[in-house]
Amino acid sequence: MKTILITGGAGFIGSHVVREFVLKYTDTKIINLDALTYAGNLENLKDIEDRPNYKFVKADIVDAKQILEVFETYQPDGIIHLAAESHVDRSITNPLEFVMTNVIGTVNLLNAAKHIWGSNFEGKRFHHVSTDEVFGALGDTGFFTEETSYDPHSPYSASKASSDHFVRAYHDTYGLPIVLTNCSNNYGPNHFPEKLIPLCIHNILNGKPLPIYGDGKYTRDWLFVIDHAKAIDLVFHEGKNGASYNVGGFNEWKNIDLVKELCKQMDEKLGREAGTAEQLITFVKDRPGHDLRYAIDATKINQELGWKPSVTFEEGLSKTIDWFLANEEWLDNVTSGDYQKYYDKQYN
Ligand code: NAD
Numbered sequence: 001m002k003t004i005l006i007t008g009g010a011g012f013i014g015s016h017v018v019r020e021f022v023l024k025y026t027d028t029k030i031i032n033l034d035a036l037t038y039a040g041n042l043e044n045l046k047d048i049e050d051r052p053n054y055k056f057v058k059a060d061i062v063d064a065k066q067i068l069e070v071f072e073t074y075q076p077d078g079i080i081h082l083a084a085e086s087h088v089d090r091s092i093t094n095p096l097e098f099v100m101t102n103v104i105g106t107v108n109l110l111n112a113a114k115h116i117w118g119s120n121f122e123g124k125r126f127h128h129v130s131t132d133e134v135f136g137a138l139g140d141t142g143f144f145t146e147e148t149s150y151d152p153h154s155p156y157s158a159s160k161a162s163s164d165h166f167v168r169a170y171h172d173t174y175g176l177p178i179v180l181t182n183c184s185n186n187y188g189p190n191h192f193p194e195k196l197i198p199l200c201i202h203n204i205l206n207g208k209p210l211p212i213y214g215d216g217k218y219t220r221d222w223l224f225v226i227d228h229a230k231a232i233d234l235v236f237h238e239g240k241n242g243a244s245y246n247v248g249g250f251n252e253w254k255n256i257d258l259v260k261e262l263c264k265q266m267d268e269k270l271g272r273e274a275g276t277a278e279q280l281i282t283f284v285k286d287r288p289g290h291d292l293r294y295a296i297d298a299t300k301i302n303q304e305l306g307w308k309p310s311v312t313f314e315e316g317l318s319k320t321i322d323w324f325l326a327n328e329e330w331l332d333n334v335t336s337g338d339y340q341k342y343y344d345k346q347y348n
């Protein structure tokens, strides 16, 4: 039986990747390695936790010895690495934590893979899941391609850029078989409510302000998380050794327009008068070093591997809101405790 180890599988995107792999590759053992930080939640995987090809292992990628032991025990053929500190605002408050998890943690995983694989790379692959934020900011026009130079601006994007470089360096130096994906902003079920879309859904439900940075003109490309999971599956299995692929939704929205669309859909679904949710929009002090616009050119993954998003943004957003409305308990659980303290410090 083949074994694939997925890191960060209890988080937002990782949980969708784990589910996709567990249900699709029933002859493959799927190990979900996660430290269960504030962002990791095994409730995200309740529906598949009893599957015979699924196993959860609690481990911290910063702990080299522990990671080596896990690799020696399970001997994974493939690694899909998503574990990370992922929130830009938190990286501004505590950059070192991002260096530890995103840089040191990634190098620990590369070392462990190199150690157990030796020089026999047959059937082996290390897939690093990264972000479009490594490319920096765009003006009003243009797109990030796989050839765009790295120019990260936040401690988060600098740490992800660094980990991307290490992954490529292990390919060039030691011949490790690797692929990378750099994806735009994801949204969908299980999204932690410190990020824009779930935060606004939560606040609309609770009649709280919808905080929008600066003038709301920041522009991002948005992709439904399940489409990202499918892109990862495709690149992991069919991507060229050593290559990177940009993944995006061909779907740019200014923050303010996105929040207005969300408000419109929420009013409709909650049976409220049009314009009710929009009244909660509140502009807040800008984030330092905020990148104006990100936009992904996903032509390469489309032409080489035939991937494209399966839903429009309006459809994906509607599915997302429906999920949050059906899972208010999930939302209540993750918005209590530590998260609430962080939220209060950030926005109150
Ligand atoms: P997330 O914050 O929701 O989940 C991260 C997961 O990693 C959590 O389950 C957490 O417990 C785990 N983790 C954190 N530190 C760990 C450690 N030291 N050891 C083991 N596990 C640890 O993140 P996400 O939004 O699902 O992002 C997943 C990956 O995708 C990240 O690498 C991120 O950079 C990348 N990415 C995210 C987006 C996005 O829009 N969210 C877009 C592109 C790329």
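Heads up: the sequence shown at position 199 corresponds to 199 in UniProt numbering, and the numbers run straight through without jumps. Glycine is no exception: its CB is placed at the ideal position from the N, C-alpha and C atoms. All figures in this text were calculated on a predicted structure; none of them were measured in a lab.
DSSP three-state assignment for residue i, whether helix, strand or coil
{"i": "residue 73", "result": "helix"}
{"i": "residue 138", "result": "strand"}
{"i": "residue 254", "result": "strand"}
{"i": "residue 287", "result": "coil"}
{"i": "residue 189", "result": "coil"}
{"i": "residue 41", "result": "coil"}
{"i": "residue 144", "result": "strand"}
{"i": "residue 78", "result": "strand"}
{"i": "residue 293", "result": "strand"}
{"i": "residue 46", "result": "helix"}
{"i": "residue 282", "result": "strand"}
{"i": "residue 63", "result": "coil"}
{"i": "residue 300", "result": "helix"}
N-terminal and C-terminal residue of the beta strand (DSSP E) that residue i is part of
{"i": "residue 130", "result": "125-131"}
{"i": "residue 276", "result": "Counting along the chain, residue 276 falls outside any beta strand (DSSP E), and DSSP gives it neither H nor E."}
{"i": "residue 56", "result": "54-58"}
{"i": "residue 34", "result": "28-34"}
{"i": "residue 211", "result": "210-213"}
{"i": "residue 179", "result": "178-183"}
{"i": "residue 3", "result": "2-7"}
Member of the options whose CA lies at the smallest distance from the CA of residue i
{"i": "residue 78", "options": "126, 130, 105", "result": "126"}
{"i": "residue 164", "options": "138, 150, 312, 174", "result": "150"}
{"i": "residue 182", "options": "170, 166, 173, 160", "result": "160"}
{"i": "residue 21", "options": "38, 217, 105, 236", "result": "236"}
{"i": "residue 243", "options": "104, 308, 147", "result": "147"}
{"i": "residue 56", "options": "85, 188, 96, 8", "result": "8"}
{"i": "residue 122", "options": "2, 272, 29", "result": "2"}
{"i": "residue 177", "options": "135, 145, 128", "result": "128"}
{"i": "residue 333", "options": "33, 286, 40, 32", "result": "40"}
{"i": "residue 210", "options": "196, 220, 116", "result": "196"}
{"i": "residue 166", "options": "99, 153, 217, 119", "result": "99"}
{"i": "residue 364", "options": "154, 251, 70", "result": "The displayed coordinates of the chain run from 1 to 348. Any statement about residue 364 would go beyond what the structure contains."}
{"i": "residue 335", "options": "213, 199, 118", "result": "199"}
Start and end residues, alpha helix (DSSP H) containing residue i
{"i": "residue 220", "result": "No alpha helix (DSSP H) holds residue 220; the beta strand (DSSP E) holding it covers 219-224."}
{"i": "residue 92", "result": "88-93"}
{"i": "residue 247", "result": "Element bounds for residue 247: not the alpha helix (DSSP H) but the beta strand (DSSP E), 244-247."}
{"i": "residue 203", "result": "196-205"}
{"i": "residue 157", "result": "155-174"}
{"i": "residue 316", "result": "313-326"}
{"i": "residue 20", "result": "12-24"}
{"i": "residue 116", "result": "105-117"}
Decide yes or no for the touch test of the region 86-95 against the region 50-66: beta carbon pairs closer than 8 Å, at least 3 of them.
-> Cβ pair count under 8 Å is below three, so no.
Counting Cβ pairs closer than 8 Å, one from the region 14-27 and one from the region 58-78, do we hit at least three?
-> Result no; under three Cβ-Cβ pairs closer than 8 Å.
How do the region 14-34 and the region 223-235 stand: do at least 3 beta-carbon pairs fall below 8 Å, yes or no?
-> yes
Is there contact here, the region 190-206 with the region 137-148, by at least three beta-carbon pairs under 8 Å?
-> no
Three CB pairs or more closer than 8 Å across the region 303-321 and the region 208-228 = yes
Inspect the CB distances between the region 288-297 and the region 234-251 and report whether three or more fall short of 8 Å.
-> yes
Does the pairing of the region 166-175 with the region 320-329 give three or more beta-carbon distances under 8 Å?
-> Of all C-beta pairs linking the region 166-175 to the region 320-329, fewer than three are shorter than 8 Å, placing the two stretches out of contact.
Count the CB pairs spanning the region 259-267 and the region 276-290 that are closer than 8 Å, and state whether there are at least three.
-> yes
Hey, is the region 68-84 in contact with the region 26-33, meaning 3+ C-beta pairs nearer than 8 Å?
-> yes
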